[in-house]
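Trainee: Starting off with a structure, shown below.
Protein chains: 2
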Amino acid sequence: MTAERLVIIGGDAAGMSAASQARRLKGPDELEIVAFERSNFTSYSACGIPYWVGGDVTDRDALVARTPQEHRARDIGLRMRTEVTEIDVAGQRVRAVDLGTGEAYWTGFDKLVIATGARPVRPALPGMDAPGVHGVQTLDDGQALLESLDRAPGSRRAVVVGAGYIGVEMAEAMLKHGFDVTVLNRGEQPMATLDPDMGRLVHDAMDGLGITTVNRAEVTAIRTGSDGRVRAVATGDASYPADVVVLGIGVEPETTLARAVGLPLGPHGGLLTDLSMRVVGHDNIWAGGDCVEVLDLVAGRTRHIALGTHANKHGQIIGSNVGGGYGTFPGVVGTAVSKVCDLEIARTGLREKDARAVGLRFVTATIESTGRAGYYPGARPMTVKMLAEYRTGRLLGVQIVGRDGAAKRVDIAAVALTAGMTVEQMTALDLGYAPPFSPVWDPVLVAARKAVTAVRRAGTA
Amino acid sequence: MTAERLVIIGGDAAGMSAASQARRLKGPDELEIVAFERSNFTSYSACGIPYWVGGDVTDRDALVARTPQEHRARDIGLRMRTEVTEIDVAGQRVRAVDLGTGEAYWTGFDKLVIATGARPVRPALPGMDAPGVHGVQTLDDGQALLESLDRAPGSRRAVVVGAGYIGVEMAEAMLKHGFDVTVLNRGEQPMATLDPDMGRLVHDAMDGLGITTVNRAEVTAIRTGSDGRVRAVATGDASYPADVVVLGIGVEPETTLARAVGLPLGPHGGLLTDLSMRVVGHDNIWAGGDCVEVLDLVAGRTRHIALGTHANKHGQIIGSNVGGGYGTFPGVVGTAVSKVCDLEIARTGLREKDARAVGLRFVTATIESTGRAGYYPGARPMTVKMLAEYRTGRLLGVQIVGRDGAAKRVDIAAVALTAGMTVEQMTALDLGYAPPFSPVWDPVLVAARKAVTAVRRAGTA
Numbered sequence: 001m002t003a004e005r006l007v008i009i010g011g012d013a014a015g016m017s018a019a020s021q022a023r024r025l026k027g028p029d030e031l032e033i034v035a036f037e038r039s040n041f042t043s044y045s046a047c048g049i050p051y052w053v054g055g056d057v058t059d060r061d062a063l064v065a066r067t068p069q070e071h072r073a074r075d076i077g078l079r080m081r082t083e084v085t086e087i088d089v090a091g092q093r094v095r096a097v098d099l100g101t102g103e104a105y106w107t108g109f110d111k112l113v114i115a116t117g118a119r120p121v122r123p124a125l126p127g128m129d130a131p132g133v134h135g136v137q138t139l140d141d142g143q144a145l146l147e148s149l150d151r152a153p154g155s156r157r158a159v160v161v162g163a164g165y166i167g168v169e170m171a172e173a174m175l176k177h178g179f180d181v182t183v184l185n186r187g188e189q190p191m192a193t194l195d196p197d198m199g200r201l202v203h204d205a206m207d208g209l210g211i212t213t214v215n216r217a218e219v220t221a222i223r224t225g226s227d228g229r230v231r232a233v234a235t236g237d238a239s240y241p242a243d244v245v246v247l248g249i250g251v252e253p254e255t256t257l258a259r260a261v262g263l264p265l266g267p268h269g270g271l272l273t274d275l276s277m278r279v280v281g282h283d284n285i286w287a288g289g290d291c292v293e294v295l296d297l298v299a300g301r302t303r304h305i306a307l308g309t310h311a312n313k314h315g316q317i318i319g320s321n322v323g324g325g326y327g328t329f330p331g332v333v334g335t336a337v338s339k340v341c342d343l344e345i346a347r348t349g350l351r352e353k354d355a356r357a358v359g360l361r362f363v364t365a366t367i368e369s370t371g372r373a374g375y376y377p378g379a380r381p382m383t384v385k386m387l388a389e390y391r392t393g394r395l396l397g398v399q400i401v402g403r404d405g406a407a408k409r410v411d412i413a414a415v416a417l418t419a420g421m422t423v424e425q426m427t428a429l430d431l432g433y434a435p436p437f438s439p440v441w442d443p444v445l446v447a448a449r450k451a452v453t454a455v456r457r458a459g460t461a
Numbered sequence: 001m002t003a004e005r006l007v008i009i010g011g012d013a014a015g016m017s018a019a020s021q022a023r024r025l026k027g028p029d030e031l032e033i034v035a036f037e038r039s040n041f042t043s044y045s046a047c048g049i050p051y052w053v054g055g056d057v058t059d060r061d062a063l064v065a066r067t068p069q070e071h072r073a074r075d076i077g078l079r080m081r082t083e084v085t086e087i088d089v090a091g092q093r094v095r096a097v098d099l100g101t102g103e104a105y106w107t108g109f110d111k112l113v114i115a116t117g118a119r120p121v122r123p124a125l126p127g128m129d130a131p132g133v134h135g136v137q138t139l140d141d142g143q144a145l146l147e148s149l150d151r152a153p154g155s156r157r158a159v160v161v162g163a164g165y166i167g168v169e170m171a172e173a174m175l176k177h178g179f180d181v182t183v184l185n186r187g188e189q190p191m192a193t194l195d196p197d198m199g200r201l202v203h204d205a206m207d208g209l210g211i212t213t214v215n216r217a218e219v220t221a222i223r224t225g226s227d228g229r230v231r232a233v234a235t236g237d238a239s240y241p242a243d244v245v246v247l248g249i250g251v252e253p254e255t256t257l258a259r260a261v262g263l264p265l266g267p268h269g270g271l272l273t274d275l276s277m278r279v280v281g282h283d284n285i286w287a288g289g290d291c292v293e294v295l296d297l298v299a300g301r302t303r304h305i306a307l308g309t310h311a312n313k314h315g316q317i318i319g320s321n322v323g324g325g326y327g328t329f330p331g332v333v334g335t336a337v338s339k340v341c342d343l344e345i346a347r348t349g350l351r352e353k354d355a356r357a358v359g360l361r362f363v364t365a366t367i368e369s370t371g372r373a374g375y376y377p378g379a380r381p382m383t384v385k386m387l388a389e390y391r392t393g394r395l396l397g398v399q400i401v402g403r404d405g406a407a408k409r410v411d412i413a414a415v416a417l418t419a420g421m422t423v424e425q426m427t428a429l430d431l432g433y434a435p436p437f438s439p440v441w442d443p444v445l446v447a448a449r450k451a452v453t454a455v456r457r458a459g460t461a
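Chains V and C, in that order, give the protein sequences.
Counting along the first sequence from 1, when you hit position 348 you're at 348 in the UniProt record's numbering, and nothing is skipped either side.
Counting along the second sequence from 1, when you hit position 341 you're at 341 in the UniProt record's numbering, and nothing is skipped either side.
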């Protein structure tokens, strides 16, 4: 009996989790594993880059969960700096190029995992490639940015383009390097993953932290000096001096290879899979991580969410299925947490516009409370917004902005959403209470009580 | 039309929440509210006493959520320092004594709320009433203890009797006053609300904090000096020098009045109510807070849990029902959180012995992880233990011991228990992930994955 060959395209979270889990279930005599990675790194935490750049994490290598050597020691045939350029679906083979030697070759597969990740959105604007303009998606990006910061002149002005998770996290990182920080945000408020009323709270808090946020700012050009280095970022009606520019505009699924051979893509450009993470219509091809779309369990449609925690779950499930076990990824409820300095930001489920987009009628309730008993030292304000379905009262979403202990409280709502709870059921939840950890009514319970009232009022109106 | 009269026995969380909520729904022309409270305080946070004694909270009045004056301003006829000594169920009246004047009188009711709370367990041992021996259930207790600490001699040795929530919290408080602290614990390990293997972690951490914990220590006497003040605490085989003794042995339902007139009590001595908090068999009598038993939704039997968060919910529900609305308290899953210095302790659902007691077969999984990404500053160990039902994999309980961010993670399990989730369903939970808040696999997910493996193994064994 010859071993089957599993080929993996992409050596980061999804791909290498799949490899590791498959190897746990099947030894090399049963399953040969070949993984292609075009960069110099495997299995690293892209989510950790803002904290490395900001200096919280001092060692780049700490972000690497598992090195190529560690993978190879577990009988995973890893080919670094090797880029897959073509998939031959019918012929069950992939073409790869060794980026060092230029050598190109075909490798056959019995099973294929596509884990090509996401690529940063880069608007085609003048000056986008100028020295001093930096993305922060890869470790190489982070290294280049850190070197650029060292070279920045005394004025130390940073412009961050984009006010989503990466944007606000990078604003904090730049602040920690002593830069004057301006965030240019295309939307109405920062953190477009929140409703604007909650985004407004983030804006105000960023003001308080000394970060200038400019909303409705559409970047039109990066201006450079005579040395070619960045000097300013231009918007329609203003110009913001910059010694360094950080691009935190977001990412899109990297599905060039898949698109070229007609694999099924969703409305957001990500690969479509079934719940076992098999590419729809292809029994021997799986896909996971930032290159796929995931089912939004609250909205009942697919979304693209680039997040390491999903990628790891996908990889683990793919590895189980490839290795002869069985696992499924039922979908997401859209949970995300972040912070800017000590301000914590969290969301799960649907925003108002998401609910409207899928035709759900809803009520909202917003409350202010604290993360600890009001009399306990360090009790600081927390705002919780809750969306519930009109009449039924089914929980639709929660957004939280606050300080100590705000962010992970969203997990309460994430589980309640998964379970399909109503806000009335949530009012009875037996949540942990002690003065250092919560008021006697947890803020989530207070929001649920107000949401119940809103549901009842709307139902009788 | 004359107003109905609502009589409330007990002016703390449950009683005054009921009063407030009833008043919100019905004005004084419809409902007269008379509340009897034997102490000098209303609506105070007993859970906050350890933090006031320890100095985290400097102002005693901060623990009072609402003063008698504030209640009276809302048309609640509050009679302070007045103790109800008898309930006449058939006659629909209560007898009360003004503790100041000694005057006794009967007051009729249309509706009655019993919110008599709990009383501390006080073993009948020699020396129990000596100066320097203190309970910590009431604000007066706390005040007396603080005064005793001021009078303690230079040696400053404190013995805490009991190693449950109050015991460990008071150990921290004594430590903050510069005392040498010894905790005498009757059980195998501190925190008997955890399984002993998890209690062991608390023990080790308390050692590390400089708190001496003596397990299997049965107190036999409090020894006093010639001045009558406490000198030592004696156990069967040892004597522990003490300048101050704090009793944290626990509480039992205060149901003397109810018992005297044959109201239904459960196996733990607490009043039995239906889900609307009506005393079983009595249409016009409600009960809530520390004097009732609550339904344990996981074990399917009643328990006695003295906790402010339940008392507040009970009061709110009673007030709704008395006021013409409708609410129910479905029960608890047994969530509790606490801390000793920076060590966080949390539990929900069943311990091993609880599961055995109700005849449930189970498997366990224990994992170690961190509350943040391993590379993020301040990532510290966290141990999560999970119990799942044999074969079905239904979640039965979770215990967590760790540092930053450990305690409130138990809320994830509390919601999952309420929803009846299996540990396999939990592995797919979309929990908040970002490096400052969680590893890419949240510790609860890691525990769920290990529990799935344990369920599968046990099922095929």
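Quick reminder that beta carbons are idealized off the backbone N, C-alpha and C, glycines included.
It should be emphasised that the depicted structure is a prediction, and the values quoted were computed from it without experimental measurement.
Leaving out five residues on either side along the sequence, give the residues of the same chain with a beta carbon under 6 angstroms from the beta carbon of D442/C.
Mentor: Correct list, in chain order: L431.
Trainee: From G77/V, M80/V, L78/V and A96/V, pick the residue whose C-alpha is nearest to that of residue 525/V; which is it?
Mentor: Residue coverage of chain V in this structure runs from 1 to 461, which leaves residue 525/V outside it and unanswerable.
Trainee: Report buried or exposed for G359/V, applying the criterion of at least 16 other Cβ atoms within 10 angstroms of its Cβ.
Mentor: Exposed: under 16 other Cβ atoms inside 10 Å.
Trainee: In chain order, what residues of the same chain lie with their CB nearer than 7 angstroms to the CB of R23/C, ignoring the 5 residues before and after it?
Mentor: I33, R74, D75 and I76.
Trainee: Take R8/V as the anchor and find which of A124/V, I285/V and A365/V has the nearest alpha-carbon.
Mentor: Per the sequence shown, residue 8/V should be read as Ile rather than Arg. The option with the nearest alpha carbon to I8/V is I285/V.
Trainee: Reducing DSSP to helix, strand and coil, say where S239/V ends up.
Mentor: Three-state DSSP puts S239/V in a strand.
Trainee: Sorted by chain position, which residues of the same chain lie with C-beta nearer than 6 angstroms to G405/V's C-beta, five sequence neighbours on each side aside?
Mentor: Here the set comprises G371.
Trainee: Should A355/C be listed as close to the ligand HEM, given that the test is whether its C-beta is under 8 angstroms from any heavy atom?
Mentor: Questions concerning the ligand HEM fall outside what the structure shown contains, since it holds no ligand whatsoever.
Trainee: If contacts are defined as beta-carbon pairs under 8 angstroms, then P241/C and A234/C qualify, I think. What distance do you get, rounded to the angstrom?
Mentor: Wrong, their Cβ atoms sit about 11 angstroms apart, outside the cutoff.
Trainee: Taking a cut of 7 angstroms between CB atoms, which residues from the segment 44-75 of chain C lie near chain V?
Mentor: Cβ contacts with chain V come from S45, C47, G48, Y51, D56, V57, A62 and L63.
Trainee: In the structure shown, what three-state DSSP assignment does G187/V receive?
Mentor: Coil.
Trainee: Where do the N-terminal and C-terminal ends of the alpha helix (DSSP H) with Y51/C fall, by residue?
Mentor: Here the alpha helix (DSSP H) through Y51/C covers I49 to V53.
Trainee: Contact criterion: CB-CB distance below 9 angstroms. Does F362/C meet it with respect to chain V?
Mentor: So no, F362/C is outside the interface.
Trainee: Identify each residue in the segment 403-422 of chain V for which the Cβ-Cβ distance to at least one residue of chain C is less than 9 angstroms, and report them in chain order.
Mentor: Of all residues in the segment 403-422 of chain V, G405, A407, K408, R409, V410, D411, I412, A413, A414, V415, A416, L417, T418, A419, G420 and M421 have a Cβ within less than 9 angstroms of some Cβ in chain C.
Trainee: Residues of chain V with a CB under 8 angstroms from the CB of N312/C: which are they?
Mentor: Result: V440 and W441.
Trainee: Compare the C-beta of K339/V against all C-beta atoms of chain C and say whether one is closer than 9 angstroms.
Mentor: Output row for K339/V: interface = yes.
Trainee: Only counting the same chain, and skipping five residues up and downstream in sequence, which positions put a Cβ closer than 6 angstroms to that of V292/C?
Mentor: Closer than 6 angstroms at Cβ, skipping near neighbours: G270, L271 and T273.
Trainee: Count the other C-beta atoms from every protein chain shown that fall within 10 angstroms of the C-beta of T335/C, then say buried if there are 16 or more, exposed otherwise.
Mentor: Result: buried.
Trainee: How far does the alpha helix (DSSP H) with M206/V in it extend, from its first residue to its last?
Mentor: Looking at the DSSP string, the run of the alpha helix (DSSP H) that includes M206/V is P196 to G208.
Trainee: For chain V, is any of its Cβ atoms less than 9 angstroms away from the one on V183/C?
Mentor: Chain V, which has no Cβ nearer than 9 angstroms to the Cβ of V183/C, makes this no.
Trainee: How should W52/V be labelled, buried or exposed, when 16 other C-beta atoms within 10 angstroms of its C-beta is the threshold for buried?
Mentor: Looking at its Cβ environment, which holds 16 or more other Cβ atoms inside 10 Å, W52/V is buried.
Trainee: Taking only beta-carbon atoms, is V202/V less than 9 angstroms away from chain C?
Mentor: Chain C contact via Cβ: absent.
Trainee: Taking only beta-carbon atoms, is Q425/C less than 9 angstroms away from chain V?
Mentor: Yes, its Cβ sits closer than 9 angstroms to a Cβ of chain V.
Trainee: Beta strand (DSSP E) containing A62/C: first to last residue?
Mentor: Taken as a continuous stretch (DSSP letters only), A62/C belongs to no beta strand (DSSP E), as it is neither H nor E.
Trainee: Quick one: residues in its chain with C-beta nearer than 8 angstroms to the C-beta of G55/C, no 5 flanking neighbours on either side, listed in chain order?
Mentor: Contacts found: A173, K176 and H177.
Trainee: Beta-carbon separation of G135/V and P153/V under 9 angstroms?
Mentor: For G135/V and P153/V, no; Cβs fall outside 9 angstroms.
Trainee: With distances taken from CA atoms, which of D354/C, E344/C and S45/C is nearest L139/C?
Mentor: L139/C has its Cα closest to that of S45/C, out of D354/C, E344/C and S45/C.
Trainee: List the residues of chain C whose Cβ lies closer than 8 angstroms to the Cβ of P381/V, in chain order.
Mentor: Per Cβ cutoff of 8 angstroms: no residues; P381/V is ~17 angstroms from chain C at best.
Trainee: Output the distance between the C-alpha atoms of G281/C and V261/C, rounded to the nearest integer angstrom.
Mentor: The straight-line gap from Cα to Cα measures roughly 13 angstroms.
Trainee: Pop quiz: L6/V and F109/V are said to be a contact at Cβ under 8 angstroms. What is the actual Cβ separation, rounded to whole angstroms?
Mentor: With 8 angstroms as the limit, L6/V and F109/V qualify as a contact, their Cβ atoms being about 7 angstroms apart.
Trainee: Using the rule of at least 16 other Cβ atoms within 10 Å of the residue's Cβ for burial, across every protein chain shown, is G10/C buried or exposed?
Mentor: G10/C is buried by the Cβ-count criterion.
Trainee: The alpha helix (DSSP H) with M170/V in it runs from where to where?
Mentor: Where M170/V is concerned, the enclosing alpha helix (DSSP H) stretches over Y165 to K176.
Trainee: Considering only residues of the segment 103-160 of chain V, which uninterrupted beta strand (DSSP E) runs meet the minimum length of 3 residues and lie entirely inside it, listed in chain order?
Mentor: Runs of the beta strand (DSSP E) inside the segment 103-160 of chain V: 104-108, 111-114 and 118-120.
Trainee: Give the C-beta separation of K408/C and V337/C to the nearest angstrom, bearing in mind that I take them to be a contact with Cβ-Cβ under 8 angstroms.
Mentor: The Cβ separation is near 7 angstroms, so the contact holds.
Trainee: Give a yes or no on whether 9 angstroms exceeds the smallest Cβ distance from F41/C to chain V.
Mentor: No, because no Cβ of chain V sits closer than 9 angstroms to the Cβ of F41/C.
Trainee: Let me know if E218/C comes out buried or exposed under the rule of 16 or more other beta-carbons within 10 Å of its beta-carbon.
Mentor: Exposed, by the Cβ-count rule.
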